[in-house]
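Each remark here refers to the structure printed beneath this line.
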Amino acid sequence: MPESASPTASISPTALTHVRADGSAHMVDVTEKKETSRTAVATATVRTTSEVIGMIFDADLPKGDALPVARVAGIMGAKKTPEIIPLCHPLPLGKITIDFERGEDSVAITGSVKTRGVTGVEMEALTAVTTAALTIYDMIKAVDKRAAITDVRVLAKSGGKSGDWSV
Numbered sequence: 001m002p003e004s005a006s007p008t009a010s011i012s013p014t015a016l017t018h019v020r021a022d023g024s025a026h027m028v029d030v031t032e033k034k035e036t037s038r039t040a041v042a043t044a045t046v047r048t049t050s051e052v053i054g055m056i057f058d059a060d061l062p063k064g065d066a067l068p069v070a071r072v073a074g075i076m077g078a079k080k081t082p083e084i085i086p087l088c089h090p091l092p093l094g095k096i097t098i099d100f101e102r103g104e105d106s107v108a109i110t111g112s113v114k115t116r117g118v119t120g121v122e123m124e125a126l127t128a129v130t131t132a133a134l135t136i137y138d139m140i141k142a143v144d145k146r147a148a149i150t151d152v153r154v155l156a157k158s159g160g161k162s163g164d165w166s167v
């Protein structure tokens, strides 16, 4: 049975967990699931020119210092996930971190989200890094209209019935 399905649900292993028999979407019942410590790590990359990377890491963009703004935006994004992803459960997030790694023509963003709850935080981690990437994009678009956000994915998760997983 998929991790997001309720242990008491009568869903076949091949059924979609967020779709009823009549085809309508619904939020799955997690009330019977065991509360555990859960963590997810996700990444996203902003690709731009080496000149713009220098501007980002020197805090020399026309809109200001992008990295602290993107860090706060990523944290806020994780907190707002159930407001923008319709079938996500609201979770008490215990820790959110956003880190940046400089590349020659890219910024790699890594986000980690932790909770103690009944469902995982993969969507919160993905929302965190995507929001941070969008913020960097917004702050560099005046100096590079061809910048791109790429490679958004979950790198690892831990906790819950399905256990640990990593790339």
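Just so we're aligned, residue 1 is where the sequence shown starts under the UniProt record's numbering, counting upward by one. From the three backbone atoms N, C-alpha and C, an ideal C-beta is built for every residue, glycine too. Since we're looking at a predicted model, the values are computed, not measured.
For the alpha helix (DSSP H) that residue 25 lies in, which residues bound it at each end?
Here residue 25 refers to the residue found at position 25 of the sequence shown. Element bounds for residue 25: n/a, residue is neither H nor E.
Are the Cβ atoms of residue 66 and residue 109 separated by less than 7 angstroms?
Against the sequence shown, residue 66 aligns to sequence position 66. Against the sequence shown, residue 109 aligns to sequence position 109. Not closer than 7 angstroms, so no.
Indicate whether residue 144 and residue 48 have their beta-carbon atoms separated by less than 7 angstroms.
Here residue 144 refers to the residue found at position 144 when the sequence shown is read from its first residue. Here residue 48 refers to the residue found at position 48 when the sequence shown is read from its first residue. Cβ atoms of residue 144 and residue 48: closer than 7 angstroms.
Could you check the C-alpha separation between residue 20 and residue 85 for me, to the nearest Å?
Taking the first residue of the sequence shown as position 1, residue 20 is located at position 20. Taking the first residue of the sequence shown as position 1, residue 85 is located at position 85. Approximately 18 angstroms between the Cα atoms of the pair.
Going along the chain, which residues of its own chain have a beta-carbon closer than 6 angstroms to the beta-carbon of residue 124, five neighbours each way excluded?
Numbered from 1 along the sequence shown, position 124 holds the residue referred to as residue 124. The beta carbon of residue 124 is closer than 6 angstroms to those of 78, 81 and 113 in its chain, skipping five residues each way along the sequence.
Among 59, 39 and 129, nearest to residue 166 - alpha-carbon criterion:
The residue labelled residue 166 in the question sits at position 166 within the sequence shown. Checking every option, the nearest Cα to that of residue 166 belongs to 39.
Residue 142 in three-state terms, based on DSSP:
For this step, residue 142 is matched to residue 142 along the sequence shown. Three-state result, residue 142: coil.
Got a sec? Which residues, its chain only, sit under 6 angstroms from residue 148 by beta carbon, not counting five neighbours each side?
Working through the sequence shown from its first residue, we reach residue 148 at position 148. Cβ within range, chain order: 47.
Our contact map puts residue 98 next to residue 74 with C-beta atoms below 8 angstroms; I'd like the distance itself, whole angstroms only.
As a working mapping, residue 98 is identified with position 98 in the sequence shown. As a working mapping, residue 74 is identified with position 74 in the sequence shown. Approximately 4 angstroms separates the beta-carbon atoms of residue 98 and residue 74; this is inside 8 angstroms, confirming the contact.
Using 10 angstroms around the beta-carbon of residue 122, count the other beta-carbons present and answer buried if the total reaches 16, otherwise exposed.
Counted from its first residue, the sequence shown places residue 122 at position 122. Its Cβ being crowded by 16 or more others within 10 Å, residue 122 is buried.
Beta strand (DSSP E) segments (min. 3 residues) lying fully within the segment 70 to 124:
93 to 102 and 106 to 117
Considering only C-alpha positions, which residue in the set 41, 18, 36 and 53 is nearest to residue 141?
Looking up residue 141 in the sequence shown gives position 141. For the residues 41, 18, 36 and 53, the minimum Cα distance to residue 141 belongs to 53.
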